[in-house]
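**Student:** Just so you know, UniProt numbering puts 170 at position 170 of the sequence shown, and the rest follows in order with no gaps.
Please read through the structure below; I'll follow up with questions.
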Amino acid sequence: MSILKKKFNKFSVLLNLVLIAIIAIGVLFFLPKEHKSEVKSSINIESIEKVNEVVFLNAGINEIISETKTTQVFGFDVPFSKKTALVILNYKAKFGIKSSVKIEQIGEKEYKVIVPKFEVIGVELSKDNPYNLYDDHGELLSGTTEDVDTGKLVTNQLSSDKQAEYLDKFKSEIKESAINYYKTIFSSMDSEVKVTIEFTE
């Protein structure tokens with residue numbers, strides 16, 4: 001009789017633990033949730049191509065972007081609720097000028113070219129492999145967590161603000177390309193012409 005009672009007590013404890021676990025998971029699904037997002041980016045500049053046109057510099061860029069989302073209850077992260085997406089993005093960023101230069105004659109066969117402020121001309125996704133969802137996984141309780149919006153992740157990475165960072169990074173290369181461009185134009189008309197290039201910051 002006592003053995004049967006002990007077995008019944010063990011079964012009762014086990015049943016209570018299972019019920020508590022089921023209730024906890026049920027509560028997790030119905031409580032109001034907040035989602036926390038964390039974005040990481042690893043960048044590798046694959047190539048820089050100088051061109052002699054309004055676009056002075058093309059930069060081939062390869063970025064690895066990851067975003068992690070978690071479910072939050074009352075401001076705290078729910079354990080094992082992370083969802084992560086890893087995207088590889090390949091594109092070409094174009095830098096140059098969008099408005100006309102000013103040309104001033106400062107002497108006999110001597111000119112000054114005033115170049116307007118450099119701008120991001122645009123971005124062009126790689127034709128072969130624009131972006132690739134390299135990894136997409138979630139932890140044990142990530143069923144309650146919002147999916148990572150990979151389209152939005154890619155769009156944000158291609159935004160003007162993000163490309164402006166590259167504009168600052170490559171400013172010296174853009175200037176060098178602009179100098180070569182305008183000196184080539186003037187020397188093709190008259191090899192004795194002297195040209196000074198002035199940049200608007």
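No residue lacks a Cβ here, since even glycine has one placed at the ideal position from N, Cα and C.
From a predicted model like this one, the values you see are computed outputs, not experimental measurements.
Please classify S99 as buried or exposed, where buried requires at least 16 neighbouring CB atoms within 10 angstroms.
**Tutor:** Label assigned to S99: exposed.
**Student:** How would you call S177, buried or exposed, if buried means at least 16 neighbouring beta carbons within 10 angstroms?
**Tutor:** Under this definition S177 is a buried residue.
**Student:** Spatial neighbours of E198 within its chain, please: CB distance less than 8 Å, with the 5 preceding and 5 following residues excluded, ordered by chain position.
**Tutor:** Around E198: K112, V113, I114, V115.
**Student:** Assign I97 to one of three DSSP states: helix, strand, or coil.
**Tutor:** In the structure shown, I97 sits in coil (DSSP, three-state: anything other than H, G, I, E or B).
**Student:** Taking only three categories from DSSP, how would you classify E201?
**Tutor:** Of the three classes helix, strand and coil, the one that applies to E201 here is coil, per DSSP.
**Student:** N156: which of I23, S41, I20 sits nearest, CA to CA?
**Tutor:** Of the candidates I23, S41, I20, the one whose C-alpha sits nearest the C-alpha of N156 is S41.
**Student:** Using only CA atoms, which one of K171, P79, Y182, A59 lies nearest to L140?
**Tutor:** If we check each option's Cα against that of L140, P79 comes out closest.
**Student:** Please classify L153 as buried or exposed, where buried requires at least 16 neighbouring CB atoms within 10 angstroms.
**Tutor:** L153 should be labelled buried.
**Student:** Could you tell me whether the Cβ atoms of residue 289 and Y181 are closer together than 7 Å?
**Tutor:** Lying outside 1 to 201, the shown extent of the chain, residue 289 is not represented and no answer is given.
**Student:** Could you compute how far the alpha carbon of V39 sits from the alpha carbon of E67?
**Tutor:** Going from the Cα of V39 to the Cα of E67 covers about 4 Å.
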